[in-house]
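Residue numbers (this note's numbering): 1438 to 1575.
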């Protein structure tokens, strides 16, 4: 099967590792278990999407809109989420080890059972609205 764009490949197969998906506009998508490992998703709009159990390991999601998305059980290991909008997202049991959360907005997000080992925080807005600046001096 031939896919003429990375967007179409993602929609048809749920897989697009290492794809260039800059400015992808796919709100309310249903992509459970999507493989977006090392994908470039800068400025992507995935607002309200179902991305449960997806892999975003090593992906670049800087300035991405993941507001209201279902990301339960997803992996963002070593992902760049700088300035990402994660407001009201379901992050239950998400794996964020070594992720860059600089400037990310997690207001109202469900962070129950989230693995945040070694995540980077600078001007990060936490679910309760507080600001976390642990790593601003790095």
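From the three backbone atoms N, C-alpha and C, an ideal C-beta is built for every residue, glycine too.
| Asked | Found |
| --- | --- |
| I need the straight-line Cα distance from residue 1391 to residue 1442, nearest angstrom please. | The requested residue 1391 does not occur in the structure, where the chain is confined to residues 1438 to 1575. |
| Need the endpoints of the alpha helix (DSSP H) that residue 1459 sits in, please. | Where residue 1459 is concerned, there is no enclosing alpha helix (DSSP H), given that its DSSP letter is neither H nor E. |
| Just to confirm, is the Cβ distance from residue 1526 to residue 1494 under 8 Å? | no |
| Looking only at C-alpha atoms, which of 1550, 1520, 1521 and 1512 sits nearest to residue 1532? | 1512 |
| Helix, strand or coil, according to DSSP, for residue 1568 in the structure here? | strand |
| What number of angstroms, rounded off, separates the C-alpha of residue 1452 from the C-alpha of residue 1492? | 10 Å |
| Expressed to the nearest angstrom, what Euclidean distance is found between the alpha-carbon atoms of residue 1448 and residue 1473? | 12 Å |
| Please list, in chain order, all residues of the same chain as residue 1465 whose beta carbon is under 8 Å from its beta carbon, the five residues on each side excluded. | 1484, 1485 and 1486 |
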